[in-house]
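One structure is given below, encoded as structure tokens.
Residue numbers (the working numbering): 1 to 341.
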């Protein structure tokens, strides 16, 4: 059963899996001890719709945990930053054992709430490190720079002009590192590439992202890095290529999206669920579960572009992917704000 809970009310929706649902989905990955225990009550608190690409990956992973029998899951979307602490308290009061979400705009207030509920585990997207002063708060974000780098290799091989547009949400570390990794990948196959970089000041404003992309295309960009929704729409309308971020939109833009870096939140959530079940949840950095070697990110299938990317580029992608997995090659994590060049 699916549905939404509006921020104003927590008349909650619980998701429970049957054995048939698990068999139908073929979901694997949860520790065996979780499957034998009672499902853990998980609550998601999101400041944007669950369709938004970053949050959608958390939402999908939570629903996968439900289908595998390891969790009950309730969520509230479109929560304002000012309302976020209240919703945290309500879920904690209602017995949630693990609360997941993102507190980038409400760091101090959220940490105060965390301290009020020491028996509740909090796994929250954050720009700051975990702090032993908050022993029940673990932090994460999408460290998918490995996959972003690989997508850049493909982009560099597919651009004709070497003029690439980049549209991001906010210039925060979580976004900056992906853009830098993408640009580093581009330079592997297009060393003289130039980049137009702009941030729209929103996590979910497809019209503004689209308008920004149009301006870059008018300024000569022949390939767009779609960190935000709306960019691929502009690329499609103007007949140029795009590279996706976090989710796979190739099916929606079959003639436009040539590659995408995917985030898989399942390793992060499964690790947290195992820690809660084992009574070992503590302040920690779960960001490393997003690394390629942990299964936390990957390059999406090329779909309609299979066979259209130069073989030399795909060979380099395969070589670098193997090296990243075995530790002989490391993609730089650069959190500084990227600039046009």
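Don't be surprised by glycine CBs; every beta carbon is placed ideally from N, CA and C.
Boundaries of the alpha helix (DSSP H) in which residue i is found, first to last residue
i	result
residue 149	145-158
residue 231	231-238
residue 173	173-189
residue 275	266-277
residue 217	206-218
Which residues DSSP lists as bridging residue i, in chain order
i	result
residue 82	In DSSP, residue 82 forms no bridge with anything.
residue 199	168
residue 42	73, 98
residue 139	124, 285
residue 56	Residue 56 pairs with nothing; no bridge assigned.
residue 261	245, 299
residue 163	194
Length of the line joining the Cα atoms of residue i and residue j
i	j	result
residue 163	residue 194	5 Å
residue 278	residue 158	48 Å
residue 188	residue 97	45 Å
residue 331	residue 338	16 Å
residue 328	residue 175	25 Å
residue 228	residue 55	12 Å
residue 318	residue 147	12 Å
residue 255	residue 303	10 Å
residue 353	residue 182	No information on residue 353 is available, as it lies outside the stretch 1 to 341 that the chain covers here.
residue 237	residue 308	21 Å
residue 137	residue 102	12 Å
residue 244	residue 232	8 Å
residue 71	residue 61	11 Å
residue 342	residue 223	Any property of residue 342 remains undetermined from this structure, which presents the chain solely from 1 to 341.
residue 274	residue 130	19 Å
residue 266	residue 296	7 Å
residue 200	residue 208	7 Å
residue 269	residue 92	18 Å
residue 259	residue 240	13 Å
residue 235	residue 324	30 Å
Supposed close pair residue i, residue j - CB separation, criterion 8 Å
i	j	result
residue 167	residue 221	The Cβ separation is near 10 Å, so there is no contact.
residue 271	residue 289	6 Å
residue 88	residue 99	6 Å
residue 139	residue 286	7 Å
residue 197	residue 217	That belief does not hold up - the Cβ atoms of residue 197 and residue 217 are roughly 14 Å apart, past 8 Å.
residue 127	residue 58	With a Cβ gap of about 16 Å, residue 127 and residue 58 do not count as contacting.
residue 203	residue 52	6 Å
residue 85	residue 106	7 Å
N-terminal and C-terminal residue of the beta strand (DSSP E) that residue i is part of
i	result
residue 241	241-246
residue 323	Residue 323 -> not in any beta strand (DSSP E); alpha helix (DSSP H) instead, spanning 311-326.
residue 226	223-226
Residue environment, residue i, which counts as buried when at least 16 other CB atoms sit within 10 Å
i	result
residue 210	buried
residue 41	buried
residue 68	buried
residue 322	exposed
residue 335	exposed
residue 340	exposed
residue 219	exposed
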